[in-house]
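Protein chains: 2
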Amino acid sequence: MTSRRGFLTGAAGLAGAAGVLAAAKPGVAKPGPMAPEFSFFGDHQAGIVTPQQRHAYFAAFDLITDKREAVAGLLRAWTEAAARMSLGMDEPSGNPDQPPPDSGEALGLHPARLTMTFGFGPGLFIKDGQDRYGLAARRPEALIDLPRFNGDQLIPARTGGDLAVQACADDPQVAFHAVRTLARLADGIAQFRWVQAGFTSGGRPGETPRNLMGFKDGTMNPATGDLALMDQIVWVGDEGGWMRGGSYMVARPIRVALEHWDRMKLAFQEQTVGRHKVSGAPLGKSRESDPLDLDAVDADGNPVIPENSHVRLGAPAANEGAQILRRAYSYDNGLAFIAERWPPWRQGMQIDAGLLFICYQRDPRTGFVKIFENMAKFDMMNQFVTHIGGGLFACPPGAKSGRFVGQELFEV
Amino acid sequence: MTSRRGFLTGAAGLAGAAGVLAAAKPGVAKPGPMAPEFSFFGDHQAGIVTPQQRHAYFAAFDLITDKREAVAGLLRAWTEAAARMSLGMDEPSGNPDQPPPDSGEALGLHPARLTMTFGFGPGLFIKDGQDRYGLAARRPEALIDLPRFNGDQLIPARTGGDLAVQACADDPQVAFHAVRTLARLADGIAQFRWVQAGFTSGGRPGETPRNLMGFKDGTMNPATGDLALMDQIVWVGDEGGWMRGGSYMVARPIRVALEHWDRMKLAFQEQTVGRHKVSGAPLGKSRESDPLDLDAVDADGNPVIPENSHVRLGAPAANEGAQILRRAYSYDNGLAFIAERWPPWRQGMQIDAGLLFICYQRDPRTGFVKIFENMAKFDMMNQFVTHIGGGLFACPPGAKSGRFVGQELFEV
């Protein structure tokens, strides 16, 4: 049996390199047997400015305990498990008369750049009017109850959660194992509320991945290597109290009506997005990296990038400079009974797929909410996409070694 | 825009190498940007003795046409699409006034060793007593209606199908795109019946992957490099008529009660499987590759490998030499409402996961049926696993260039 430590080439020495790795150009890194691991501990949680891994497993949990110490104990156990799994696993103890402490499906696997990013939903602070854990007074102002957006069709069973984790890795089995392990540790304290697995695919290194609509997705994502920009838009600053160094995560599964989209003319698809499908260039330009020129007009005086196109409505210039850091994955949940919203209005079993939209920001009020309020009303893409669930989670700063994630919240 | 051809280093020259690759030790190959593609055309269909890719997307379709020519036309269109996608894609034509011919999410992606393996269910030959396409007389004897096995709990919506495809690739987006493309081509002729995505993870090259029960899975799989053995157990011979050079595929989603399994003592898990969990060695041995000694007894005269263990009941020695070629993937379908079958009999939302069991054989009567009839009755593992769907499919031989897969069936 080869433990995952066998793959490491000086894990301790690599731990300090996480910042360097995070400074690379955003995009999807290639999986590889020698990819370095990320240390769980640090000023910020991993999995936010970390270059995006190929697979994600998102899980939201409801707390079912009434004991504050049980919540803190769970977060300590989760921290220890996450730190252990992120760096490679030793063999289980192997006492034949006990259930194995680890379910075992990741034994021998490379950690595959596993990151586990924890977040706290509003329900940790107050739920149904109850301050279950004496934490209500410490709820951050920025951890708002998300407003209802135009077009929202949120399914309660896929919405909310008191605790959340975004597990990402280049190996889906490593990400699955990570979340399964958390659920086992939560027995009697928290239980699954909703989960969503996701995947993304890059071409060559540095290429922007395509979503299931066939368009490059994330071209204008802010550069994680710009540390000053990250401090400005991603990381909570001195205003945040115990959240300083943390970030706010919005996670929303967005169903995409692929059967409808696939029937649209190429020109209409491109006008909807505001970019060319093959190259990813803004309409009227030739390269993906060409800047958006929102003022360009055609011979008739009409804007080259349509007024209601996705890329225009999401651009910082259209949102008083507001920016978020996107970290989205495609999802596919197999077949579901679906009534098409397009002639001939067929009904039947179709692929139920879309985008697990995840973004991070310093303050959702000036980030996702600011940008999406407008998009929810006017984006041409809304003909094809529906937000069906999700939540907002306060992701505390990274834990220092020996402490647990979110410990600052529990120390008064 | 970089087309996928940009990655190829002499695709034509590599096409002939598929046999060499197929002769490698079974196991999960590492994904890599330079991995060669497989040619769709050949004596046998790809995706059977092909070293297992990391991801699978299985889809079964119901035919909804009454026209034989429409079925043949669909198979021709599928063949052309599969050949194109397996070798790398050119850019779409890009007529702005038409829907794009390709949905586009695989543009720029490496083909990632994509294989697409097609199979015919009994319903292609006769359905509800109707010989819809004049093919009933050509139904192979080996394409039986699978018997009901002990413990079967088959869900109709996840069972059967007139046509099936197993799409496998090292990139989940490539596999998804392949099946989505088939479904688009089938518009009005066939529609989805059931689908199941799956994944598998290997450690170092040649290591046997672990399933979600945490055990190495596939140790005793016959060596695909033994061409004589493949001719004996996988490929249909002269007895098969139009199926000569083909194979029979059994595909069954098997739910695993992970929450139950995780609570079992290590010793009991190992007795159930008949192997040690960490090493994969047969009970009483130390190396995964050590041969099964079914005659070994302990000091009390009891068999070291229990009578009802999974590995004993599946061994060729316990089945008059019967062997199948397994090609299984783990699956995870997110949360489902599950009533645990173990104290304290909790009920709630739990991970609905298991194994997408796929196997190939020359004749299912002397392959899967022969082996599984016994296992379904006596395997200790049946406490933890439930067959919830699936089907048997006749996979015709490989298509020659210019012909379509299964064309022999339609030529009388």
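Respectively, the protein sequence lines represent chains A and B. Going by this note's numbering, 16 is the number at position 16 of the first sequence; the sequence numbering is gapless. Going by this note's numbering, 1217 is the number at position 217 of the second sequence; the sequence numbering is gapless. Just so you know, even glycine gets a beta-carbon here, dropped at the ideal spot from N, CA and C. Given the structure is predicted, the values throughout are model-derived calculations rather than measurements.
Asked, Found
"Those residues which DSSP pairs with I1351 (chain B) across a bridge", "B:L1335"
"Ranges of the alpha helix (DSSP H) found wholly within the stretch 1257 to 1302 of chain B, counting only runs of at least 4", "1258 to 1261, 1266 to 1273"
"Cβ neighbour criterion (16 or more within 10 Å) applied to P1026 (chain B)", "Caution is warranted here: a pLDDT of 35 is assigned to P1026 (chain B), below 50, making its placement in the model unreliable, and no coordinate value can be reported."
"Reference A56 (chain A); option with closest CA among A:F393, A:L355, A:L107", "A:L355"
"Cutoff 7 Å: L1109 (chain B) Cβ touching any chain A Cβ", "yes"
"Identity of the residue in A:Q130, A:T224, A:P140 nearest V396 (chain A) by Cα", "Position check: residue 396 (chain A) holds Pro in this sequence, whereas Val was assumed. When only C-alpha atoms are compared, the closest one is A:P140."
"Whether G1104 (chain B) touches K216 (chain A) by CB criterion (7 Å)", "no"
"The stretch 1124 to 1139 of chain B touching the stretch 1183 to 1194 of chain B, judged by at least three CB pairs closer than 8 Å", "no"
"Cβ contact check for the stretch 74 to 85 of chain A and the stretch 176 to 188 of chain A: 3 or more pairs under 8 Å", "yes"
"Interface residues of chain A facing F1149 (chain B) [CB-CB closer than 8 Å]", "Result: empty, since nearest Cβ-Cβ is about 24 Å, beyond 8 Å."
"A1267 (chain B) versus V1304 (chain B) - alpha carbon distance", "12 Å"
"Chain A residues whose Cβ lies nearer than 9 Å to that of W1342 (chain B)", "What W1342 (chain B) touches in chain A: nothing, since even the nearest Cβ is about 12 Å away."
"Positions along the stretch 159 to 173 of chain A whose CB lies within less than 8 Å of some CB in chain B", "D171, P172, Q173"
"Same chain, Cβ closer than 7 Å to N211 (chain A), five either side skipped, listed in chain order", "D217, S330, L355"
"Residues of the stretch 322 to 346 of chain A with Cβ closer than 8 Å to any Cβ of chain B, in chain order", "S330, D332, N333, G334, L335"
"Test item: CB-CB of A1251 (chain B) and I1144 (chain B) under 7 Å", "no"
"C-alpha distance - A296 (chain A) paired with L392 (chain A), whole-angstrom precision", "36 Å"
"Where D231 (chain A) sits in the DSSP three-state scheme", "helix"
"Minimum C-alpha distance to L1063 (chain B) - residue among B:P1099, B:A1137, B:F1125", "B:F1125"
"Whole-Å CB distance - G274 (chain A) paired with P222 (chain A), under 8 Å assumed", "About 18 Å; that fails the 8 Å criterion."
"Other residues of its chain near A1167 (chain B): CB distance less than 6 Å, five sequence neighbours each side excluded", "Y1057, M1116, A1175, A1178, V1179"
"Nearest-angstrom beta carbon gap, A112 (chain A) and D171 (chain A) [assumed within contact, 8 Å]", "4 Å"
"Cβ of V311 (chain A) within 7 Å of any chain B Cβ", "no"
"Proximity to V165 (chain A) [Cα-Cα], best of A:P344, A:I48, A:M375", "A:I48"
"Inter-residue spacing [alpha-carbon to alpha-carbon] between M1243 (chain B) and F1118 (chain B)", "12 Å"
"Per-residue DSSP class, three states only, for V1174 (chain B)", "helix"
"Any C-beta of chain B under 7 Å from that of K285 (chain A)", "no"
"Closer than 9 Å at the beta carbon, the chain A residues around M1230 (chain B)", "Correct list: empty, because the minimum Cβ distance to chain A is about 28 Å."
"Spatial distance of P1033 (chain B) from F410 (chain A) (CA atoms)", "In this prediction, P1033 (chain B) has a pLDDT of 39, which is less than 50 and means its spatial position is unreliable; what the coordinates show is noted afterwards. The straight-line gap from Cα to Cα measures roughly 47 Å."
"Nearest-angstrom Cβ-Cβ length linking E207 (chain A) and G1108 (chain B), presumed shorter than 8 Å", "6 Å"
"Reduced DSSP secondary structure (H/G/I, E/B, other) of H310 (chain A)", "helix"
"Secondary structure, alpha helix (DSSP H): runs of 4+ residues fully inside the stretch 350 to 385 of chain A", "368 to 378"
"Segment contact flag, the stretch 1146 to 1161 of chain B with the stretch 1366 to 1375 of chain B, C-beta cutoff 8 Å, min 3 pairs", "yes"
"Chain A contact residues for P1096 (chain B), given Cβ-Cβ distances below 7 Å", "K265, L266, A267"
"Buried versus exposed, by CB contacts within 10 Å (16 or more), D262 (chain A)", "buried"
"Contact check, L1163 (chain B) vs F1061 (chain B), beta carbons under 7 Å", "yes"
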